[in-house]
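Some notes on the structure that comes next.
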Amino acid sequence: MLVSIVFIPIGVVSLFASRDVVEIIDQYETECVPQNFRNDKVSFIQSNANKTCTRRLTVTKLMKKPIYVYYQLDNFYQNHRRYVKSRSDSQLKDNSGWDEVSSCKPEDMSNGQPIVPCGLIAWSLFNDTYNFSLNNQQLAVNKKGISWKSDRDRKFGRNVFPRNFQNGTLIGGKSLDPTVPLSKQEDLIVWMRTAALPTFRKLYGKIEWDLQPNEVIHVTLENNYNTYSFSGKKKLVLSTTSWLGGKNDFLGIAYLTVGGLCFFLALSFTVVYLVKPRRLGDPSYLSWNRNPGGH
Amino acid sequence: MTRGGIRARLRPSNLYTFTCLRPRSTEEGAHSFEGPGYTRLVHCNQPLLHKKKPFKYRSNYVSTTKYNVLTFLPKALYEQFHRVANLYFLGAAIVSLSPLSPFSAVSMIAPLVFVVGLSMAKEALEDWRRFMQDIKVNNRKVKFHKGEGVFGNKSWKKLRVGDVVKVKKDQFFPADLLLLSSSYEDGICYVETMNLDGETNLKVKRALEVTLPLNEDVAFKNFTGTVKCEDPNPSLYTFIGNFEYDDEVYALDPSQILLRDSKLRNTAFVYGIVIFTGHDSKVMQNATKTPSKRSKIERKMDYIIYVLFSILLVISFISSIGFAVKTKFQMPRWWYLQPKKTDDYYNPSKPVLPGIAHLITALMLYGYLIPISLYVSIEVVKVLQATFINKDRQMYDEETGNPAQARTSNLNEELGQVDTILSDKTGTLTCNQMDFLKCSIAGTAYGVRPSEVELAAAQQMATDLEDQEVERSTGFREISKQQEIELESVVISNDEMALKPPIKGFSFEDSRLMDGNWLNEPNADVIMLFFRILAICHTAIPELNEETGSYTYESESPDEGAFLVAAREFGFEFFKRTQSSVFVRERYSASGQAIDREFKLLNMLEFTSKRKRMTVIVRDEEGQILLLCKGADSIIFDRLSKNGRLYEEDTTRHLNEYGEGGLRTLALAYKRLGESEYSAWNDEFQKARTSIGADRDAMLENVAEMMERDLILVGATAVEDKLQKGVPHCIDRLAQAGLKIWVLTGDKVETAINIGYACSLLRQGMKQICITANSSDDREVVKENILLQITNASQMIKHEKDPHAAFALIIDGKTLAYALEDDMKQHFLVLAVQCASVVCCRVSPKQKALVTRLVKEGTGKTTLAIGDGANDVGMIKEADIGVGISGVEGMQAVMASDFSIAQFRFLERLLVVHGHWCYKRIAQMVCYFFYKNIAFGLTLFYFEAFAGFSGQSVYDDWYMLLFNVVLTSLPVISLGVFEQDVSSEVCLQFPALYQQGPKNLFFNWYKILGWMGNGLYSSLIIFFLNIIIFYDQAFRAGGQTADMAALGTTMFTCIIWALNCQIAFSMSHFTWIQHLFIWGSIAMWYLFLFVYGMLSPTISGNAYQLLVEALAPAPIYWTATLLVTVACNLPYLAHISYQRCFHPLDHHIIQEIKYYKKDVEDQRMWTRERSKARQKTMIGFTARVDAKIRQLKVKLQRKQPSSELQSPAR
C-alpha cells in the first residue's frame, strides 16, 4: 500500500517529464543513397561518389534550447567482446604510454608504428556529419561538452595527439586532426564510451537555439559511415531533455504498473482480511489444532 | 599394602561355581600351530631383543590422526577437489589463464584459493585436536621392569614388546598384556571392559599357574620366557598362543590376556608382559576409520548443483551455438571488427573452433550460477553455529565442567531433521548407580520416598488436572484432590530430602525401619531375616574406608552394592569376608548391643543371566543351616513352598507398583535346611562340581535346581537404577517432538525393561511384543519361528482398534542376529517402525551398528545415535549423527562422535533448539544462495543475447569479483548464524515445531524451485527493466546516453538492492548485526563504486568517476533502482502475505502470538496450546499420565452412571 502511494505519483511525474520532451527522429540511411545505387548500397558507400544529402525536418512542438543532436545506429555490436577489449586506456591517458598497444589487436600497429589512438573502437569512429540551417541561416552545432567531463579531463590526455591514425590499408571511420589533442576530440571521446546494446544513440552536438513549432530545418549531411554492410539503420535525432533525461515513457508506465499492482494486492489482502478475517496469532491455526483426530 | 591384607589371603576363585572354573589348560598341553598367521614371537622380559628385526614390532605409539605433516597437503587437497564444484572451479581457474577467459585470472583464482584454503584450515584444526588427544594418551605413565628387579616409570609410547609392566588398580592397560600374576595369590584379577564392549560388570582373568610366584618386583630379576602367538587381529574374544617357560610349553587362551583400554578393578596390581603394542593391539585393530558424514541438505545441495550445472551447460551451449552462428553468418559483414584479420577465436570461416572455444568462455562466464562462495559461506556459518553450540550455557554441565561440543561442524542442520534416536542405556540414560529405594517385607510396603518417575508424574498430573478443572466446572474434583494430596506428600518428602546428606546407593526413607525401629514392627523376625539375606547373599568384598571408619563394598553389580549399603544402614553391616565365612555386625539386636556374627559359607550358587537368581547356603552361629536366595520375582515365585506363599499376594501387588514406578525389583526368600538334607545334597553337588566333561554345567544346574525349591518368601526389594538428571523429562520432550526412541543396550532383558519403565519408554498397559529365539539348534526352525512371531505381531497391530493402544517391541541380541539377516530385516523393520518404543537387549557393539544401519537405510530417515562407551562407537559412526556423552567413561565415544554433550538431557536443547534453528538457517541460506546466483548469473546470459554471444560481460570484472565475496555474502552469513524463527524458550515449549525439520518443510523441491523461480523472475525484471529504461535515451541532464559501464553499474546497483532487500524480508529475527550487514553491504557497494571511480582511469576504465559524475546526479538512476527493487520483491511479498493469510505455518502463529504479547495476556491459552502442541505420543511421561487419566475417567464414569453426557470426549 505504502509502495503504491509512493509509486503512483512518481510514475505520474516521470510520465509528465517524459511528455515534455520533444523528439524528432529522421531515418536517412536509405534516402541518402542515390536511386541508382539503391541495390548495392555497400559499393556506393565504399566509392568516392559525393555523399552529401539534404533532409528536411519539421518541428512539431516548441523545442527549448538546448536541443541535443544524436545519431542512432542499429545492429552495430559495439558490445562485442572483440570490439570492447580493443582499446588502450593507458595510451589514451598519457603521452608516455603511446606504445602500449598490446590490447588493441588487430588495430595496434600500422606500418610498423603504434597507432594512437589504437584499437577497433577508435578506428571505426563514426564519420557522418550534420549541418543544420533554419530559414537559410546556419544553426550552429556546439560540439563542446558533449562528452563526460571526467573523460575530457582525466581519461583522454591533453598531451596525446593522434599519430599514424587511419594510415593503414583499411580505412575504418573518421580521421582525426593530428594537431588536436585527444582531450579535445569529443566525438572520439563519446564514441569510445561503448554502448551496451546493438541499438544505441550517441550525442553529436547541441543546438543552442529555441525552435518554434512548424519551423523547418534543413540538414545537410555527409553520409560517410558504412552501416550498409551489416544492414544497420542510421537515424538523426533531435531531442530536448527533461530533468529525468530523454523521452522515457516506459519508466512512468512501469512505475504506474508496479504501483497499481501493489495497490491491487494491498486492496485484495484487505478485502480478504475484512471478509474472512484471521485473527492474528489465532492459535486455532496451529498445525496440531488443524489436524483432525489430534486428541 | 594394608588394604590388600584381606585380599591377599583370599582366593576368589573358590567363590565361583559357574564362571570361574579351576584352570585346566595346563593339563591339556600346548596348542600346536604353525605357518602364517601365527608368527609372532615375544621374548619376555627381554625388550632389547625386540629392538631390531626380525623381532622389531610396531611401537606403542598410537596415532588416530587423518594426516601427518607430509601427507596433509596432497591428502587434504584430494579431499577438497573431491567436491564437484571445486573441481569445476579449478578447471575454470586454469582456463582463466588463457585468453579465452571473459574475466581476469585473479578474479577466478582468488575465490578458489580462499575457499579451499579455509576448508583445509578447518581440516587441519580438527586433526590437530586429534593429535593433541593422541599425545595425551601416548604420554601416560606406566611402571615397567628396568632390570635387576627394579621398576621404573615409562610413558606408554615408549613401551616395547616384551616389557614386563606392573599395572595398578584403576589404571588402564597400556597395551595387550599377558597376565603373569596379580595381588591375589591365585592370580586372579578383575577387569572392566567398558571401553571394549560397554559391559560394566567385572570380568575375571586369571594367570597361568606357573607364573603365580612372579608376584613381587624382585621376582623378575631373572625371569625369561617366550610367547609364540597369533599375529595381530581385531577379534576381541579369541587368542591363541603358547608360553614357553622353564623348558615347558603352556597353552594360552583369552583369559590370560589383558586388553589395552580395559581397566584393572578390585585388584591392587598385576604383572604382565607386553605382547601387542600400539596399532597391533586388539582394540586399535578394531578401530574403524571415521566415515566422513554429510548432511542431507548438503547431499541435496549436490543435486541442486547438478541441476544448475545442467542449466549452465544448456545456456552455454545456446550461447556458443549462437556465437558460432553469428560468427559464421554475420561477422563477415561486421567490418568494424576487421573479420579478416582475426585469430582462431573469431575466425568466421571456421565457426566450429570459435564455437568450442566460446563454450569454455561461456562456462566460465555463467559460472556465477554455481555459487562458489556457497561452500565457503556454509563452512563459515557452520563453524559459527558450532561455536554457538559450544558456548551454550544451558548445555554446560557444571559438575564435570564439560560444555557441549560440536566436534564436526558439518552436521549442524542434520540435528534438526532427526527422526529416530538410538540410545545406549548405561551411562547414557542411567548413571549406572543403584539406589535402594523401597522394600516390601512380610507383605508390608516400606519406603515412602517416591521414585523419580512417580515424582514427575505426580507433578505433571497435578498441573494437567488444574487445567482441566478450570475448563470444566464439574467432574474430576476427586481426582484432583487425590492428586493434591499426592503432590503434597511429594513436596514434603522433598523437604525432608534436603535435610539429610545423601548416602550413595541409598535413598530409602521410612522411619519404621530406620534406626532400629524395625524391632517394634509386627514381623520383626521376618524383617531381620530380610536384612540378613541382604547382608549375606552376595559376592562382594568389603573395604574399610580409613577416613570415616565405615565400609564400602566392591561388588560385581551395582545392585549388590546398593543392597549392602542398605543393609549397613539398617544395622546389618557386612564387614569381613574370609574363605569360608561372612561376618556381619548387627547393631540393633534384641539385646540392644552390636554383635558380630559369623555365618559359615557352605555353598554359593551365583547369579547368571540364565538362572536369574543367586543362592547361598550358610550355617549361622547356632548351627542352623539356612538357604538364602534372591532373584527375579517370577523365578522365586515358581519355587515357593506351599506354606511360603503367605505374603505372595501383597508382595506381588507391591512388585507391580514398583515396576510401574520404574524400579528394579528382586524377590528374597529363604528356607531352613536339616543337617541330613543338606549333607545329602552337598555330596551330590560336590560330585557334580568335580566332574569333568561337557555336561558338567548342566549337572551343576540340575543339582542347584534341586536345592532351590520350597522356599519361603520374605519380601522384595526395589532399587532405582538412577537415571541421569532430567532423562525422563528429556525423553518426554523428545517424544513430543515426534522423535522415535530406540534403546539398544548390552544389558539383560529385565534390566532393559526396567529402564524402559523408568524413563517412560514403556508403561503398564502398553502391549509388549517380546520376540525371542527358541533354543532349537536348527537355524531354519529358529528363523521360521521368529518370522512367525514378527508377522503375528504385525497382524495384531493392524487389527488393533483402540487408538490409544501402544506397542513396545522387545528383542534380544540372539534373536536380533536372526532378525537382521537379509531376508528378515524388512519384516523386522516394518514391525519396529509401528511400535511406539523399541528396546533391544544384549546387543553387541556390532549389532548396535547393524540396527542403526537398518534404520538408516530401511526408513531413509535421519538417525541419531547417542552413547558414552567404546561399545557405542560403531553405532555412533554408523548413524547419520553420532552423539557422545562426555561423562565419566573413556573418551572413545566422544572421539568418534560428531557432537558431544555432558549429559543426556542436553540432547533436548541440542535437537529442539539448535537443531531446529540450524536446519532452518541452512535451508534458508542455501535457498537464498541459489536465488541470488540465479538472479545474478542469468542477467549475464540475457546480455549475451544482445552482445552477439561474444562473451562480453556487462559488468566490470571487479563487480563480479566482489559480488560473491563482499557485497552479498555477509548478510547471508548473518542469516545463517543468527536467524531464529522463534526464541529458544518457545522451541522448548512447543517441541512440535521440531517436526518441521524431519518433514523437511523448508528444503523440499517445491521450496527450492520456488526460490529458483524467484531468481529467474528477478533476473528478468532486473535486466529488462533496465534495458528498456536505458537503451537509447539520454539519462543525464547533459544529454549523454548511457554506455555499457553506466548501464552495467545501474543494473548491478539494482541487483544489490533487490537481493539485500530480499534477504531482509526473509529474516524474522533482527539484531544490529543483521542490520549492519544488510545495509552495510549496500553502503559498501556505493563506497566501492566511489573509491573505484577515484582510482586512475587506467585501472577503473570506463567506471572512472562513474558514480560521482554520471550516476549520482541522474535522477533516473535512483528511480530505476527503486522501481526494480520493489518489482523484484513484489512476488515474494505477495507470496508470504498469502501464506500467512491462508496457510500460516506454526512458527508464524507463534511469532504473532509473541508479537502481540498474547502469551502474557492470555496465560491459559498459552499453556493450553503448549499442552496441545505435544504430539500424540505413546511414550514418555505425558503419555503415561494421559493413560492414567484415561483410566481414572473410565472409573469415574462407571461410578456415575447417571447419563451425564458432559464427560469429556477427549
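In order, the protein sequence lines correspond to chains A and B.
Residue 250 in full-length UniProt numbering sits at position 250 of the first sequence, and the numbers go up by one each step.
Residue 880 in full-length UniProt numbering sits at position 880 of the second sequence, and the numbers go up by one each step.
Backbone N, C-alpha and C fix where the C-beta goes; we use that ideal spot for every residue, glycine too.
Bear in mind that the values here come from a model prediction, so they are computed numbers and not experimental data.
Cβ-Cβ distance between residue i and residue j below 8 Å
i       : j      : result
A/H80   : B/L365 : no
B/T815  : B/I797 : no
B/S837  : B/I753 : no
B/K612  : B/S581 : no
A/V116  : A/N164 : yes
B/A567  : B/L534 : yes
A/A17   : A/L238 : no
B/W1011 : B/F930 : yes
B/S844  : B/A935 : no
A/I217  : A/E186 : no
Span separating the alpha-carbon of residue i from that of residue j
i      : j       : result
B/L422 : B/R587  : 48 Å
A/L62  : A/W123  : 38 Å
B/L202 : B/L177  : 18 Å
B/K920 : B/I297  : 11 Å
B/V966 : B/L384  : 18 Å
A/F7   : B/F1070 : 27 Å
B/G162 : B/Q133  : 26 Å
A/L265 : B/G1048 : 31 Å
B/E413 : B/N964  : 23 Å
B/G948 : A/E107  : 21 Å
B/K282 : B/K141  : 20 Å
B/Y647 : B/V714  : 8 Å
A/V101 : A/C118  : 7 Å
A/F263 : B/A1112 : 29 Å
Chain-ordered neighbours of residue i on chain B, where CB pairs are closer than 8 Å
i      : result
A/I207 : The contacting residues do not exist; A/I207 stays about 11 Å from chain B at best.
A/N248 : I1029, Q1033, I1116
A/V258 : L1123, V1126, A1127, L1130
Cβ-heavy atom distance, residue i to the ligand ATP, below 7 Å
i      : result
B/D695 : As for the ligand ATP, it is missing from this structure, which has no ligand bound.
Within chain B, partners of residue i - CB distance below 7 Å
i      : result
A/N226 : W335
A/C53  : Simply none; closest approach about 21 Å.
A/R82  : L337, Y346, S950
Chain-ordered chain A contacts of residue i [CB-CB under 7 Å]
i       : result
B/T1098 : D89, S90, K93
B/I1102 : Here residue 1102 of chain B turns out to be Asn, not Ile, going by the sequence shown. Under the 7 Å cutoff, chain A gives R193.
Cross-chain neighbours of residue i in chain A, by beta carbon under 8 Å
i                       : result
B/K740                  : The contacting residues do not exist; B/K740 stays about 18 Å from chain A at best.
B/F946                  : N79, A196, L197, P198
residue 1220 of chain B : Any property of residue 1220 of chain B remains undetermined from this structure, which presents chain B solely from 1 to 1210.
_Segments assigned alpha helix (DSSP H), at least 4 residues, entirely inside the region 314–384 of chain B_ = Here the runs fully enclosed are 352–365.
*Which ranges does the beta strand (DSSP E) cover as unbroken runs of at least 3 residues, wholly within the region 552–589 of chain B, from first to last along the chain?*
Correct list: 572–577, 581–586.
*asked:* Just to confirm the assignment: which complete beta strand (DSSP E) runs, minimum length 3, are found wholly within the region 257–293 of chain B?
replied: Counting only runs of 3 or more, we get 263–265, 269–276.
*Just by C-beta distance, which residues in the region 89–118 of chain A are closer than 9 Å to chain B?*
Residues passing the 9 Å Cβ filter: D89, S90, L92, K93, D94, G97, K105, P106, E107.
*Segments assigned beta strand (DSSP E), at least 3 residues, entirely inside the region 798–858 of chain B*: Scanning the region 798–858 of chain B from its first residue to its last, the whole beta strand (DSSP E) runs of 3-plus residues come out as 807–812, 837–841.
*What are the residues of the region 171–199 of chain A that lie near chain B, defined by any Cβ-Cβ distance shorter than 9 Å?*
Cβ contacts with chain B: G172, G173, V190, M192, R193, T194, A195, A196, L197, P198, T199.
*Continuous beta strand (DSSP E) assignments of at least 3 residues falling wholly in the region 38–125 of chain B*: For the region 38–125 of chain B, whole beta strand (DSSP E) runs of length 3 or above, ordered along the chain, are 40–44.
*asked:* To be precise: take each residue of the region 20–31 of chain A, compare its Cβ to all Cβ atoms of chain B, and keep it if any distance is under 7 Å. Which residues remain?
replied: Those residues of the region 20–31 of chain A that come within reach of chain B (Cβ to Cβ, closer than 7 Å) do not exist; the list is empty.
*At 4 residues or longer, and completely inside the region 1037–1091 of chain B: list those alpha helix (DSSP H) runs for me, N to C.*
Listed in chain order, the complete alpha helix (DSSP H) runs (minimum 4 residues) inside the region 1037–1091 of chain B are 1044–1066.
*Which runs of the beta strand (DSSP E) spanning at least 3 residues fall entirely within the region 196–260 of chain A, listed in chain order?*
Here the runs fully enclosed are 200–207, 216–222, 234–239.
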